[in-house]
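>
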Amino acid sequence: MRRREFIFALGGAVAAVTEPLAAAAEDYPNRSITLVVNFPAGGSTDAMARILREPLSQGLGQSIIIDNRGGAGGTTGAAAAANAKPDGYTLLLSVNSSLITNKFLQKNFPFDPRTAFAPITLSSDVALVLAVHPSLPVHGVSELIDYARKNPGKLAYGSAGIGTMHHIIGELI
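For the sequence shown, the tail end lands on 180 under my numbering, and the numbers increase by one without skipping.
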């Protein structure tokens, strides 16, 4: 056996012996896990949490409690999770704007998103859609902007909340 093969075999043997010991010593999770959703119940982030709850619960062998904490474009819930005991029993399901954009939009942002969280996974990728009523005489974004300029105060738009990407993009348009 060559030296390199021996080192790989030895490393594999060590991992095979020590990993079960570490897993046996670790009893996480041994109680329910709180999944903070930083938007109100009924929104898309909440819907994703409810889709993920059962497979996450089965995989971890514990119940998952969804805790909706909306407010300040997601900052309220994110701050609650950031200030929770760092024991793995409080997780955050968030959109990126709550952790990135809001830091630049809010004067007294309550936590440092670079150090407050350790990412686990990307759970979804969501496209933002701009739609208009078919009676509006526009067929693209440039026509919509032109129409808005010529008709001040006649258009309104809906967003997922103040400080969300939907809101910011609407303001930019």
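C-beta: ideal position from N, C-alpha, C; glycine also.
Taking only the alpha-carbon atoms, compute the straight-line gap between K161 and Y154 and give it to the nearest angstrom.
If I take the Cα positions, the gap works out to 9 angstroms.
> Do you know whose CA, among F46, L99 and A85, lies nearest K110's CA?
A85
> Taking only the alpha-carbon atoms, compute the straight-line gap between N103 and A48 and give it to the nearest angstrom.
18 angstroms
> Taking 6 angstroms as the limit between beta carbons, can you name the residues of its chain near E33, skipping five residues before and five after?
none
> Could you give the first and the last residue of the continuous alpha helix (DSSP H) run that contains D74?
Here D74 belongs to no alpha helix (DSSP H); instead the beta strand (DSSP E) covers I71 to N75.
> Assuming L99 and I40 are in contact, meaning their beta carbons sit under 8 angstroms apart, how far apart are those beta carbons, in whole angstroms?
Contact doesn't hold; Cβ gap of about 11 angstroms is too wide.
> On the three-state DSSP scale, how would you describe I181?
The shown model of the chain, from 8 to 180, leaves out residue 181, and the question about it has no answer.
> What residue range does the alpha helix (DSSP H) around T97 cover?
Counting along the chain, no alpha helix (DSSP H) covers T97; the unbroken beta strand (DSSP E) around it starts and ends at T97 to L100.
> What distance in whole Å lies between the Cβ atoms of P117 and T82, which are believed to be in contact at a cut-off of 8 angstroms?
About 7 angstroms separates the Cβ atoms of T82 and P117, confirming a contact at the 8 angstroms cut-off.
> So the candidates are H174, R121, N158 and T52; which of them puts its Cα closest to the Cα of G165?
H174
> By a C-beta neighbour count over all protein chains shown, 10 Å radius and 16 as the cutoff for buried, is N90 buried or exposed?
exposed
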